[in-house]
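Everything on this sheet refers to the single structure shown next.
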Amino acid sequence: MGLYPAKFIAELKMRKIRWFATVTTVSEALAAEKAGANAIIAQGMEAGGHRGAFAASQANNMVGLFSLLPAVVDAVKIPVIATGGISDDRGMAASLILGASGVQIGTGFLRAPEAAIASAWSDAIDRAAPEDTVASRVFSGRLGRSLRTEYTNAATSPLAPDPAPYPIQRNLTQKMRDEAIESNDLTKIQAWAGQSSGLARAIPAKEIVANL
Ligand SMILES: Cc1cc2nc3c(=O)[nH]c(=O)nc-3n(C[C@H](O)[C@H](O)[C@H](O)COP(=O)(O)O)c2cc1C
């Protein structure tokens, strides 16, 4: 969600720590390259979880990975890693053809036993069609993509109050989110999930990687 301060970047370099910057637009990619990022992670709007837009006010600028990836590859000289909606070998192959040096997968690993998420969340990811997720600010105040649930429907309805800014909204929803995980209640879980949820498989992470 932005660039590190110059002093911090200088210290990363001094300690030989590589910095992979998540971006959601071409202009963010150029800014990250200029600031000294070692690689760019181009995050399409399909992605599950928080959107990495630098400014909260720009997060609604929803660019899909098929448009973002080749444009970022053309714009920068450093390696580009594709992310957002990639969950199997087909998505990975398409990303490599569009110029990516590698891929990052989030939702595709959520059903692996190692992730140990609530079973109601895992089962709902399995059932989800691409249109069953929603990007909203209702969990944390920053835009993030989750499964559509009773809570996201209610909190995004025209009658609902606007969410508080990040991280206040995150604190306001903390108790609800914690209790929902305890009781395995999907209606209130912060069920982060991307648009390719339906491709995620409940098999060990090692097998997911081997299949790729
Ligand atoms: C449960 C979950 C938690 C995430 N947490 C973070 C995070 O803390 N920081 C971050 O930069 N991205 C986070 N992401 C986003 C991922 O880094 C990645 O961009 C996204 O998962 C890619 O899209 P996909 O879910 O369709 O594979 C998260 C994603 C998920 C699904």
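Just so you know, we're using numbering that gives the first Met the number 0 here: the sequence shown kicks off at 0 and counts up by one.
Don't be surprised by glycine CBs; every beta carbon is placed ideally from N, CA and C.
Keep in mind it's a predicted model, so treat the numbers as computed, not measured.
Rounded to the nearest angstrom, what separates residue i and residue j at their Cα positions?
i	j	result
P203	A209	10 angstroms
I123	A20	Per the sequence shown, the amino acid found at residue 123 is Ala instead of Ile. Taking the straight line from one Cα to the other gives about 30 angstroms.
A114	G107	11 angstroms
S195	A92	15 angstroms
I8	A38	14 angstroms
E206	W191	22 angstroms
I104	L198	12 angstroms
D131	N170	26 angstroms
A111	S121	9 angstroms
P129	S86	12 angstroms
S26	P4	18 angstroms
L95	P160	43 angstroms
Please look up how many angstroms separate the CB atoms of residue i and residue j, rounded, as I've assumed it's under 8 angstroms.
i	j	result
A28	V71	5 angstroms
P69	G98	6 angstroms
V75	E32	5 angstroms
K12	G35	7 angstroms
S43	G84	For the record, residue 43 in the displayed sequence is Gly; it is not Ser. Contact holds; Cβ gap of about 6 angstroms.
Q168	G140	3 angstroms
If you drop the 5 nearest sequence neighbours on each side, which residues of the same chain put their C-beta closer than 8 angstroms to that of residue i?
i	result
R176	F138, K187, I188 and Q189
E178	D184 and K187
What residues in its chain sit with their C-beta under 6 angstroms from that of residue i, if we drop five residues either side in the sequence?
i	result
V133	R147 and T151
A58	R50, A52 and L142
L67	A41 and G43
L2	A34
R136	L142 and P162
To which residues of the same chain is residue i closer than 7 angstroms at the C-beta, ignoring the five residues directly before and after it?
i	result
G48	G105, G143, R144 and W191
A117	I180, N183 and I188
request  = Kindly confirm or deny that the segment 161-177 and the segment 66-83 touch, where touching means at least three C-beta pairs closer than 8 angstroms.
outcome  = no
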